[in-house]
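To convert, take the position in the sequence shown, counting from 1, and add 16; that gives my numbering. Beta carbons are placed, not taken as given, at the ideal position from N, Cα and C, and that holds for glycine. Predicted, not measured: the structure shown is a model, and the values here were computed from it. Notes follow once the structure below has been shown.
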Amino acid sequence: MSETRKILLLEDDANLGLILQEHLHLQGFAVTLCENGEDGLAAYRRGGYDLCLVDIMMPKKDGFTFARELRADDQQTPLIFLTAKSLKEDKIEGFKIGCDDYLTKPFSIEELLLRIEAVLKRSGGICAEESSPRSFAIGTYTFDHPRQVLRYADREHKLTAREADLLFHLCLHMNRTLARDSALRKIWGDESYFSGRSMDVFISKLRKYLKDDPNVEIVNVHSKGFKLMVH
């Protein structure tokens with residue numbers, strides 16, 4: 017690793033927290049451990065982190081509350097939920113708030129490390145299409161993919177890494193169908209049910225960002241994927 021990456025770990029199980037902290041330290045991460053959401057939010061506000069690992073069931077502030085307050089100020093820092101819950105509704109709620117991934121306990125350290133590396137890679141805006149354009153005109157919008165900025169008139173909207181990557185792939189296929197399974201593999205890393213639901217949430221967000229130009233729309237292509245249309 018060329019530089020130490022910082023992780024904020026929120027886990028109220030002291031033993032599990034220390035085990036995770038130690039394993040992550042061994043992989044070269046600098047880890048700050050907090051045992052409740054209130055302390056975690058204070059730690060987050062004191063210094064920048066490359067990623068947050070957040071247990072959902074915590075005292076003072078639970079993981080969902082922590083994530084909502086973080087996302088109110090910061091749409092960029094990647095967030096992975098750690099939870100004993102496996103309910104579909106909880107996972108969907110997590111993706112709606114803006115988490116990047118979701119790990120259900122018990123999980124292996126190896127799986128956690130793979131998820132962390134995948135999320136950090138995505139958050140860096142890394143794309144396979146290295147020779148592709150980096151700026152796009154979308155009707156009266158302009159989209160700067162490397163800076164993750166969508167402009168309309170004199171307004172700028174900063175996108176999350178995943179929002180920017182999804183819009184980037186839609187732009188590459190402008191007025192053509194972006195296959196759902198292809199987008200899931202490239203951006204989410206798998207084609208699972210939960211990744212698919214997460215992508216649907218992000219498509220809804222992009223539609224809201226593009227609503228000011230009536231000539232721009234993202235349409236569903238039944239059983240195939242999505243199409244960014246500019247009329």
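With contacts defined as CB atoms closer than 9 Å, L182 and L222 qualify as a contacting pair. The beta carbon of R213 lies closer than 7 Å to those of I108, F111 in the same chain, with the five residues before and after it left out. Between R167 and T176, the CB-CB gap reaches or exceeds 9 Å. The straight-line gap separating the alpha-carbon atoms of C50 and D28 is approximately 7 Å. With 16 or more other Cβ atoms from the protein chains shown falling within 10 Å of its own Cβ, G79 counts as buried.
In the structure shown, D216 adopts helical secondary structure according to DSSP, grouped into three states.
One Cα belongs to H185, the other to N31, and the distance between them is close to 42 Å. Every unbroken stretch of the beta strand (DSSP E) spanning 3 or more residues and falling wholly within the stretch 49–79 is given here in chain order: 67–71.
When beta bridges are read from the DSSP output, M245 appears opposite E233. Every beta strand (DSSP E) stretch that sits fully inside the stretch 145–203 and reaches 3 residues is listed by chain position as 151–154, 157–160, 165–168, 171–174, 193–195. No residue range can be given for L226, since it is assigned to no beta strand (DSSP E) and is classified by DSSP as neither H nor E. When the Cα atoms are used, A169 and T156 turn out to be separated by approximately 8 Å. By the neighbour-count definition (other C-beta atoms within 10 Å, threshold 16), M73 is an exposed residue.
In terms of Cβ geometry, Q37 and L26 do not form a close pair [threshold 9 Å]. Beta-bridge partners of D117 (DSSP): I96.
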